[in-house]
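Position in the sequence shown (from 1) plus 4 gives the number in my numbering. Glycine residues also receive a C-beta, built at the ideal position from the N, C-alpha and C atoms.
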Amino acid sequence: MKISVKMGSNSCQIEIIDGENALNSLGELRSVIGDKGNFDASGIKIIHRGKTLAGPDSTPLVEFNFVENDKLIVMGKPKKAMKIDQGYALLIKYEKDNLVKLQEQYAGITRDLEELNKEYLEEAKTREMIKKMDKRLNLFTEISLKHMENIDGLEVITEETSPEQTLLNREKRKSLIVGIQNLLNLNDKNARSLEELTRKLDDGY
Numbered sequence: 005m006k007i008s009v010k011m012g013s014n015s016c017q018i019e020i021i022d023g024e025n026a027l028n029s030l031g032e033l034r035s036v037i038g039d040k041g042n043f044d045a046s047g048i049k050i051i052h053r054g055k056t057l058a059g060p061d062s063t064p065l066v067e068f069n070f071v072e073n074d075k076l077i078v079m080g081k082p083k084k085a086m087k088i089d090q091g092y093a094l095l096i097k098y099e100k101d102n103l104v105k106l107q108e109q110y111a112g113i114t115r116d117l118e119e120l121n122k123e124y125l126e127e128a129k130t131r132e133m134i135k136k137m138d139k140r141l142n143l144f145t146e147i148s149l150k151h152m153e154n155i156d157g158l159e160v161i162t163e164e165t166s167p168e169q170t171l172l173n174r175e176k177r178k179s180l181i182v183g184i185q186n187l188l189n190l191n192d193k194n195a196r197s198l199e200e201l202t203r204k205l206d207d208g209y
């Protein structure tokens with residue numbers, strides 16, 4: 005059974021009682037309406053045929069004698085927008101603006117190094133590419149260390165930061181630094197692979 009729900013200037017249809025995904029309790033109806041209309045579900049009023057639906061969340065919807073295409077009118081206050089902590093937002097912005105690019109840079113280096121290891125080039129050309137790759141690896145290390153320094157210097161905790169948010173901000177900062185450390189370890193692995201390629205050339209393989 006489908007009913008129409010009007011929420012301010014918006015409306016939608018909701019399936020109740022009968023159907024695979026149908027709602028069967030007043031609490032379920034309140035929750036879905038709250039999500040669809042961005043209402044605080046605990047404070048909404050659902051009006052059916054001029055009367056407000058009342059009762060605990062467990063109240064079965066069959067008790068309200070709905071019929072197909074019945075209409076509900078919903079009144080309530082919008083959910084309060086969550087205030088985003090400025091320190092946490094600063095970490096998220098730094099991650100988006102810088103660390104995504106750092107990951108892409110690592111991926112590009114790794115991809116090019118794999119191609120270089122296939123040794124399709126002449127020896128002189130391979131040695132030239134090795135020098136260029138070595139510079140890229142060193143530059144990646146420098147940039148990564150600079151990012152770690154920058155993140156450590158971000159002011160993400162102030163006197164107004166709550167204890168809970170302080171913990172979240174510290175954990176987020178730590179996760180960003182650990183992520184960079186992991187990339188540095190992988191970059192070291194790439195450097196060892198480049199050294200092995202150089203050794204093979206020196207040994208005449």
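Asked                                                                                                                          : Found
Through-space distance from ASP101 to GLN90, alpha-carbon basis                                                                : 16 angstroms
Beta-carbon separation (whole angstroms), ASN189 vs PHE144, contact threshold 8 angstroms                                      : Their Cβ separation, rounded to whole angstroms, is 12 angstroms, which puts ASN189 and PHE144 out of contact at 8 angstroms.
Contact check, ILE37 vs ILE51, beta carbons under 8 angstroms                                                                  : no
Environment of LEU205 [buried if 16+ CB atoms lie within 10 Å]                                                                 : exposed
Contact set for SER62: own chain, Cβ-Cβ below 8 angstroms, skip 5 residues either direction                                    : SER29, LEU30 and GLY31
Whole-angstrom C-beta distance between PRO82 and ASN42, which should lie under 8 angstroms                                     : 5 angstroms
Residues sharing a beta bridge with ILE50, DSSP                                                                                : VAL78
Reference LYS135; option with closest CA among ALA45, LEU33 and GLU199                                                         : GLU199
Exposed unless 16 or more other CB atoms sit within 10 angstroms - verdict on VAL182                                           : exposed
ILE21 beta carbon near the ligand ZN (any heavy atom closer than 7 angstroms)                                                  : With respect to the ligand ZN, the structure shown offers nothing to examine, as it has no ligands at all.
Residues of its chain near LEU95, where Cβ-Cβ distance is below 8 angstroms and the 5 sequence neighbours each way are ignored : ILE155, LEU158, VAL160, ASN173, LYS176, ARG177 and LEU180
8 angstroms Cβ cutoff met for ILE21 and LEU65                                                                                  : yes
Three-state class that DSSP yields for PHE70 in the structure shown                                                            : coil
Closest residue to SER148 among GLN107, ASP39 and GLY80 (Cα-Cα distance)                                                       : GLN107
Backbone CA spacing between LEU201 and VAL104 [nearest angstrom]                                                               : 29 angstroms
DSSP three-state assignment for THR165, whether helix, strand or coil                                                          : coil
Cβ neighbours of ASN73 in the same chain (closer than 8 angstroms, five flanking residues each side left out)                  : LYS6, ILE7 and SER8
First through last residue of the alpha helix (DSSP H) which encompasses GLU19                                                 : No alpha helix (DSSP H) contains GLU19, which is instead part of the beta strand (DSSP E) from 14-19.
One or two residues paired with PHE43 in a DSSP bridge                                                                         : PRO82
Local Cβ density within 10 Å of GLY208, reported as buried at 16 or more and exposed below that                                : exposed
Per-residue burial, ARG34 [other beta carbons within 10 Å of its own, 16 or more giving buried]                                : buried
Cα-Cα separation between THR56 and GLU24, rounded to whole angstroms                                                           : 27 angstroms
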